[in-house]
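Asks: This is the structure, below, for whatever I ask next.
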Ligand code: SF4
Ligand code: SF4
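Residue numbers (our numbering): 643 to 1000.
The following block contains the structure:
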């Protein structure tokens, strides 16, 4: 067993590097001031239909608002981040009306939850190896990728991984914001890193570029208006007043990251699992709109795109066709207006009317 706690921290950092993480750091497992706004944000309905965000403990308090209540044993949070950027254009750099846009994070060959969790377990194992647990001082750890009762980006800030930008993403000065985060809660008291300073300054590019005005104020996002939420989480029809702003987005939206100056020189990853699956960069709208159930299963096995289901994908493709200004889509939209899936049929009716200007 190692004597110094600083040596344990060095081992964790090395293990994170060896596992393929680009960044890592340690935050104290205390309730950061950013979490004070979380109950207010939920109460205002800004989480939309994402009910998991509203998970409560047995006292009826929001789990994500207080780590010290849901994991009172935790003393430190190890935050690891991996860059998923690949050498492909940003959504703001391509404009082919016959094609849609799938968010960068969803292109990968392997589901990012699995890719990050696998690496996180490697770091967790190194932690256990360096600090053997015994009856007097048992070592408890828990690893999470998106699934824990924790707002990861807040702890990423306090672990020095990056600051929370006005677009609410974690941004690192050298790597940009194309980062997947994973966290390990531990009962071990590790020395925390310094929080990353906010480098947004007077910039407001993300707020100005957001097509649906979802960034209500700096650092304040209303999910109900965000294209990421609408295309991925929202079930059924999308509110009509937000459809035009969706442009050609099919799954997720990268605009507020594409325009961020800190992503201008964001490096590309060397990890092969984040390379795109065939056809997902700038995908043909007709391919998505006409996709059969079997093709959907095949194309998106183990992909985050399964989350929106075939209905959501075809609904969004129909809306994108309506926004394209491309009248060649009218025959296909005409066919879709009679689709057995009413969400798709209704979206196609709207899209056709928009193209016809009626
Ligand atoms: S992801 Fe798109 S819609 Fe959501 S805040 Fe960013 S720019 Fe706006
Ligand atoms: S675009 Fe500007 S304001 Fe928005 S996150 Fe990036 S640096 Fe911050």
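Note that beta-carbon positions come from the ideal geometry of N, C-alpha and C, so glycine has one too. Quantities reported herein were computed from a predicted structural model and do not represent experimental measurements.
Measure from the alpha carbon of residue 751 to the alpha carbon of each residue in 914, 830, 712 and 741, then state which is nearest.
Replies: Of the candidates 914, 830, 712 and 741, the one whose C-alpha sits nearest the C-alpha of residue 751 is 914.
Asks: Assuming residue 717 and residue 829 are in contact, meaning their beta carbons sit under 8 angstroms apart, how far apart are those beta carbons, in whole angstroms?
Replies: So it is a contact: roughly 6 angstroms between Cβ atoms.
Asks: With a cut-off of 8 angstroms, do at least 3 Cβ pairs link the stretch 844 to 852 to the stretch 920 to 931?
Replies: They do not touch, by the three-pair rule.
Asks: Who pairs with residue 604 in a beta bridge, going by DSSP?
Replies: Summary: the structure shown does not reach residue 604, with the chain confined to residues 643 through 1000, and so no result is reported for it.
Asks: Is the beta carbon of residue 650 closer than 8 angstroms to that of residue 720?
Replies: No, the pair does not count as a contact, with Cβ atoms beyond the cut-off.
Asks: Answer yes or no: the CB of residue 727 versus the heavy atoms of ligand 1, is any distance below 7 angstroms?
Replies: No, the beta carbon of residue 727 sits no closer than 7 angstroms to any heavy atom of ligand 1.
Asks: Helix, strand or coil: which one does DSSP assign to residue 964?
Replies: Of the three classes helix, strand and coil, the one that applies to residue 964 here is helix, per DSSP.
Asks: Give the straight-line distance between the Cα atoms of residue 672 and residue 832, rounded to the nearest whole angstrom.
Replies: Roughly 13 angstroms separates the two Cα atoms.
Asks: Any chance you could list the residues with Cβ under 5 angstroms from a heavy atom of ligand 2, keeping chain order?
Replies: Result: 807, 808, 809, 842, 845, 847, 848 and 902.
Asks: Spell out a yes or no on whether the stretch 729 to 741 and the stretch 873 to 888 are touching, meaning 3 or more CB-CB pairs, one atom from each, closer than 8 angstroms.
Replies: Taking 8 angstroms as the limit for Cβ pairs, the verdict is that the stretch 873 to 888 does not touch the stretch 729 to 741.
Asks: What did DSSP end up calling residue 816 once you bin it into helix, strand or coil?
Replies: Residue 816: coil per DSSP, three-state reduction.
Asks: Any idea if residue 678 is buried or exposed, counting beta-carbon neighbours within 10 angstroms, 16 or more meaning buried?
Replies: It is exposed - the Cβ of residue 678 has fewer than 16 other Cβ atoms within 10 Å.
Asks: Could you say if the stretch 978 to 994 and the stretch 957 to 969 meet the contact criterion of at least three C-beta pairs nearer than 8 angstroms?
Replies: They touch, by the three-pair rule.
Asks: For the beta strand (DSSP E) containing residue 859, list its first residue and its last residue.
Replies: Residue 859 -> beta strand (DSSP E) spans 857 to 859.
Asks: If you compare alpha carbons, which of 805, 683 and 878 is closest to residue 704?
Replies: Residue 704 has its Cα closest to that of 683, out of 805, 683 and 878.
Asks: I need the DSSP call for residue 926, collapsed to helix, strand or coil.
Replies: Three-state DSSP puts residue 926 in a strand.
Asks: If you count every other CB in all the chains shown that lies within 10 Å of the CB of residue 820, and 16 or more means buried, which is it?
Replies: Residue 820 is buried by the Cβ-count criterion.
Asks: For the beta strand (DSSP E) holding residue 892, just list the boundary residues, first then last.
Replies: That run of the beta strand (DSSP E) goes 891 to 893.
Asks: Helix, strand or coil: which one does DSSP assign to residue 785?
Replies: Three-state DSSP puts residue 785 in a strand.
Asks: If you draw a straight line from the C-alpha of residue 897 to the C-alpha of residue 652, how long is it?
Replies: The alpha-carbon atoms of residue 897 and residue 652 are separated by roughly 37 angstroms.
Asks: Taking the alpha-carbon of residue 690 as reference, which of 989, 868 and 905 has the nearest alpha-carbon?
Replies: Ranking 989, 868 and 905 by Cα distance to residue 690 puts 868 first.
Asks: Is there at least one non-hydrogen atom of ligand 1 closer than 7 angstroms to the beta-carbon of residue 851?
Replies: The answer is yes for residue 851.
Asks: Can the beta-carbon of residue 891 be found less than 8 angstroms from the beta-carbon of residue 742?
Replies: Taking 8 angstroms as the Cβ cut-off, residue 891 and residue 742 qualify as a contacting pair.
Asks: Note down the Cα distance separating residue 974 from residue 983, rounded to an integer number of angstroms.
Replies: One C-alpha to the other measures close to 15 angstroms.
Asks: Who are the near neighbours of residue 827 in its chain, counting only those whose CB is closer than 7 angstroms to its CB and skipping five residues on each side?
Replies: Within the same chain, residue 827 has close Cβ partners 671, 713, 716, 719, 783 and 784.
Asks: Shorter than 7 angstroms, the distance from the beta carbon of residue 626 to the closest heavy atom of ligand 1, or not?
Replies: This structure leaves residue 626 out entirely; the chain is present only between 643 and 1000.
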